[in-house]
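Using the numbering used here, read the sequence shown as starting at 8 and increasing by one per residue. Here's the structure, in structure tokens; my notes come after.
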Amino acid sequence: MVLPVSISTSYYAKAVRDRAEAKPLVWARNKLADLRLLLLQEAGRLESGHHN
Numbered sequence: 008m009v010l011p012v013s014i015s016t017s018y019y020a021k022a023v024r025d026r027a028e029a030k031p032l033v034w035a036r037n038k039l040a041d042l043r044l045l046l047l048q049e050a051g052r053l054e055s056g057h058h059n
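See below:
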């Protein structure tokens with residue numbers, strides 16, 4: 008499924024852009040968001056592996 012990849016790509020681009028403005032709270036929030044994104048990607052990888 009292509010959709011999650013395009014979502015995560017645009018999400019990552021937004022996170023990079025936000026990080027460039029780097030207020031400490033924004034940075035902390037982005038770090039949490041990055042961790043959540045990694046977890047979602049890993050879950051998607053496991054799920055797609057399960058379906059295959």
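The beta-carbon is built from N, C-alpha and C at its ideal position, and this holds for glycine as well. Because the structure is a prediction, the values reported are computed rather than measured.
| Item | Value |
| --- | --- |
| Whole-angstrom distance between Ala22 and Asp41, CA atom to CA atom | 8 Å |
| For Lys21, the three-state DSSP class (helix, strand or coil) | helix |
| Own chain, CB closer than 7 Å to Ser15, minus 5 neighbours either side, in chain order | Leu44, Gln48 |
| C-alpha distance - Ser55 paired with Leu32, whole-angstrom precision | 34 Å |
| Collapsed DSSP secondary structure at Lys38 in the structure displayed | helix |
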